[in-house]
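Peer 1: Got a structure here, written out as structure tokens. Questions coming.
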Amino acid sequence: MKGMGEGQCPFGFGSDTTESSGTSYAEGHMGMAKSLARESLPELVREPIEPGTGNQRTGRCLCGKVSFKINKPVEMVFANHDETSRRRSGGVSLTIMIRAKNTTFNGWGHLVHYPLSEQETSCFCRACGSPVLSYYVAPEPMAGMARISTGALDNTDGLRLTADISTDAKPAYYDFEGDRRSISSTDLAKMFG
Numbered sequence: 003m004k005g006m007g008e009g010q011c012p013f014g015f016g017s018d019t020t021e022s023s024g025t026s027y028a029e030g031h032m033g034m035a036k037s038l039a040r041e042s043l044p045e046l047v048r049e050p051i052e053p054g055t056g057n058q059r060t061g062r063c064l065c066g067k068v069s070f071k072i073n074k075p076v077e078m079v080f081a082n083h084d085e086t087s088r089r090r091s092g093g094v095s096l097t098i099m100i101r102a103k104n105t106t107f108n109g110w111g112h113l114v115h116y117p118l119s120e121q122e123t124s125c126f127c128r129a130c131g132s133p134v135l136s137y138y139v140a141p142e143p144m145a146g147m148a149r150i151s152t153g154a155l156d157n158t159d160g161l162r163l164t165a166d167i168s169t170d171a172k173p174a175y176y177d178f179e180g181d182r183r184s185i186s187s188t189d190l191a192k193m194f195g
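The structure is reproduced here in structure tokens:
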């Protein structure tokens, strides 16, 4: 998946059709990814996405080769304390959960798709190394979901820290103030097993 180009399936399930064939990425994707339906895919565009105004959530990697737009209102941020999230982000991983189909991406071919497990793939910019998102292909109900890095957002106004995830794996050297939901790794496994 690391050598994935602009015209290939964004979720790594084989070659997709290109724009020149007249078939969209999502249409070409059908039949190749039985676990992920067409309506679960993000929209892929060829033009960079400009920073949004107001509550429109847009973002980009450090170098700007990857840009995205979240097409639904979001305000909840999750602090992910598990070891994988911390290694991926260099500290606590602050993310927004959204269905992948509710996003639009430019520069998907600039992302390195690193499989964290059979269920989740992490994506970061191949030029600047910025972590942009992780997406899930299994199990239900997580299939088709994406965790977008809040650090990549152009504007964070109105966002609120809603939950601490994998609190049992949180190192002792940092704490957040305020009340929010606390979910242990065991609780998470029970929810999404």
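Per my numbering, the sequence shown runs over residues 3 to 195. Heads up, the beta-carbon is just placed ideally off N, CA and C, and yes, glycines get one too.
Which residues bound the beta strand (DSSP E) around R101?
Peer 2: 95–101 is the span of the beta strand (DSSP E), which, as asked, contains R101.
Peer 1: What three-state label does DSSP hand E85 in the structure shown?
Peer 2: E85: helix per DSSP, three-state reduction.
Peer 1: In its own chain, which residues sit with a C-beta less than 6 Å from the C-beta of D166, not counting the 5 before and 5 after it?
Peer 2: Contacts found: A81, S184.
Peer 1: Apart from the five residues just before and just after K74, which ones in its own chain have a Cβ nearer than 6 Å to its Cβ?
Peer 2: These residues qualify, in order along the chain: N104.
Peer 1: Among E49, N57, T86, T60, which one has its Cα closest to the Cα of K172?
Peer 2: Of E49, N57, T86, T60, the residue nearest in Cα terms is T86.
Peer 1: Entirely within the stretch 49–84 and at least 4 residues each: give me those alpha helix (DSSP H) ranges in chain order.
Peer 2: DSSP runs (the alpha helix (DSSP H)) wholly in the stretch 49–84: none.
Peer 1: Express the C-alpha separation of L135 and C63 in angstroms, rounding to a whole number.
Peer 2: One C-alpha to the other measures close to 10 Å.
Peer 1: What residue range is occupied by the uninterrupted beta strand (DSSP E) comprising N157?
Peer 2: Element bounds for N157: n/a, residue is neither H nor E.
Peer 1: Between the beta-carbon of H115 and the beta-carbon of T106, is there less than 7 Å?
Peer 2: Not a contact, by the Cβ cut-off of 7 Å.
Peer 1: Going by the C-beta, is V47 closer than 6 Å to any heavy atom of the ligand HEM?
Peer 2: Among the components modelled here there is no ligand, and therefore nothing to report on the ligand HEM.
Peer 1: What's the gap between the Cα of V94 and the Cα of I100?
Peer 2: Distance between the alpha carbons of V94 and I100: 19 Å.
Peer 1: Quick check on R48: buried or exposed, where buried means 16 or more other Cβ atoms within 10 Å of its Cβ?
Peer 2: Exposed, since its Cβ has fewer than 16 Cβ neighbours within 10 Å.
Peer 1: Measuring only the C-alpha atoms, how far is R149 from A174?
Peer 2: Rounded to whole angstroms, R149 to A174 spans 24 Å at the Cα level.
Peer 1: In the DSSP assignment, what residue or residues form a beta bridge with F126?
Peer 2: In the DSSP output, where bridge partners are listed per residue, F126 has V114, P133.
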